[in-house]
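Worksheet for the structure shown next.
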Amino acid sequence: MREIDLPLANTAALTALEEAREFQPSRRRGSKLKTLALVLAVIFLNAIGNLSLAWGMRHVSEAVSLNPSAYLRAMLNPFVALGIALLILWLLTRMALLSWADLSFVLPLTGVGYVLAAFLGWRFLNEVVAPAHWTGTILIFVGTAMVGTTKQQTHAPEVSE
Amino acid sequence: MKWLLLSIIVCATVLSDLLQSYEMKRSGEQSVNARGLGRLLRMIVSRRYLFLAIVCMAVSFFAFMALVQTAPLSFAVPASAATFVLETVLAKFVLKEAVGKRRAAGALLVLGGVLLLAH
Chain W
7 MREIDLPLAN
17 TAALTALEEA
27 REFQPSRRRG
37 SKLKTLALVL
47 AVIFLNAIGN
57 LSLAWGMRHV
67 SEAVSLNPSA
77 YLRAMLNPFV
87 ALGIALLILW
97 LLTRMALLSW
107 ADLSFVLPLT
117 GVGYVLAAFL
127 GWRFLNEVVA
137 PAHWTGTILI
147 FVGTAMVGTT
157 KQQTHAPEVS
167 E
Chain R
319 MKWLLLSIIV
329 CATVLSDLLQ
339 SYEMKRSGEQ
349 SVNARGLGRL
359 LRMIVSRRYL
369 FLAIVCMAVS
379 FFAFMALVQT
389 APLSFAVPAS
399 AATFVLETVL
409 AKFVLKEAVG
419 KRRAAGALLV
429 LGGVLLLAH
């Protein structure tokens, strides 16, 4: 039977451990940067997607109602199409963020989107936002953040056969 | 008209979430790898509640498109948060989930915010 040189094995293990320790801060930094990039993407894809959709829909001459063909024609407007594409991208990015970040972290980001939508509407679509509306939007943001920080059930329920 | 469209958005979103939650809990935990996603897609087609959930999601989006055509964006997006209120109520009474004081307070704040938007 082959003898294992224990001191040597221990040294190798310790070296590997040291290397792993040295590697950890950069990994953590990389992970933080990735999270920050996704957070910014989630916030801005939603805001710009909604703005583009609203801008495009206002430039569609035909009012959409129950007629499905009117919606299809509206989607031919470049701003509407861009808005829909950005919102699909937002949904996928949000799902990616949700796959490793807690809902209590992601849900307030949705709340930020409400405030940003009010700001973009006021700034770029010349909407009149009354003080009561700003207060309402802030209340909605705080409420969403509170709903998101409640205790969640995250384990899978037992399935009856 | 904007309140009718908002009601359609809120009801369709909440119905979609409820149907998804009900059907996904019934079918147990799903993995998110490539094979798991394939199984998930087959499930959407074969399970009628999940299919209905997708239809509700589409209805909600089309109503949102109609809403932003006529109503301000600064109203349409924040007001759609009313889904949190209805979801909290239905989670408590339909799905029999435990709704804590913090979540109830959050839902009430959202309700207050939406009422201020109506002002």
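Protein chains in written order, with the working numbering: chain W, 7 to 167; chain R, 319 to 437.
Backbone N, C-alpha and C define an ideal beta-carbon position, used for all residues, glycine too.
Being a predicted model, the structure only gives us computed values, none of them experimental.
At a beta-carbon threshold of 8 Å, none of the residues of chain W lie near glutamine 338 of chain R; the nearest stands roughly 13 Å away. Only buried fits asparagine 52 of chain W, as 16 or more other CB atoms lie within 10 angstroms of its CB. Judged by DSSP in its simplified three-state form, methionine 81 of chain W adopts coil rather than helix or strand. Nearest to leucine 368 of chain R by C-alpha distance, out of R:Ala389, R:Ala384 and R:Leu333, is R:Leu333. Take the alpha-carbon of glycine 431 of chain R and the one of leucine 104 of chain W: they are about 26 Å apart. Residues are counted here when their Cβ sits less than 8 Å from a Cβ of chain R; for the region 100–115 of chain W these are Ser105, given in chain order. Excluding residues up to 5 positions away in sequence, Leu368 and Ala371 lie with their Cβ nearer than 7 Å to the Cβ of glutamine 338 of chain R in the same chain. Within the region 363–413 of chain R, the complete alpha helix (DSSP H) segments at least 4 residues long are 366–388, 391–397 and 400–411, listed from N- to C-terminus. Taking a beta-carbon distance threshold of 8 Å, leucine 391 of chain R counts as an interface residue toward chain W.
Contact annotation for methionine 383 of chain R against chain W: Leu59, Met63, Val70, Tyr77, Ala80 and Val86 [CB-CB distance below 8 Å, chain order]. The closest CA to that of alanine 436 of chain R, considering only W:Gly119, W:Thr141 and W:Asp108, is found on W:Thr141. With a threshold of 16 other beta carbon atoms within 10 Å, leucine 429 of chain R meets it and is buried.
Comparing alpha carbon positions, the residue from R:Val412, R:Ser392, R:Leu404 and R:Phe382 closest to leucine 322 of chain R is R:Phe382. The beta carbon of isoleucine 94 of chain W sits no closer than 8 Å to any beta carbon of chain R.
Here tyrosine 340 of chain R has Tyr367 and Leu413 as same chain residues with Cβ atoms under 8 Å from its own Cβ, once five neighbours each way along the sequence are excluded. Following the DSSP letters along the chain, one finds alanine 422 of chain R inside the alpha helix (DSSP H) bounded by residues 419–436. Scanning chain W for C-beta atoms nearer than 9 Å to the C-beta of valine 328 of chain R yields nothing, as the closest lies near 13 Å away. Ala123, Ala124, Leu126, Gly127, Trp128, Leu131, Glu133, Val135, Ala138, His139, Thr141, Gly142, Thr143 and Leu145: these are the residues of the region 123–145 of chain W whose beta carbon lies less than 7 Å from some beta carbon of chain R, given in chain order. For threonine 150 of chain W, same chain residues with a beta-carbon under 8 Å away, outside a window of 5 residues either side, are Leu113, Pro114, Thr116, Gly117 and Tyr120 in chain order.
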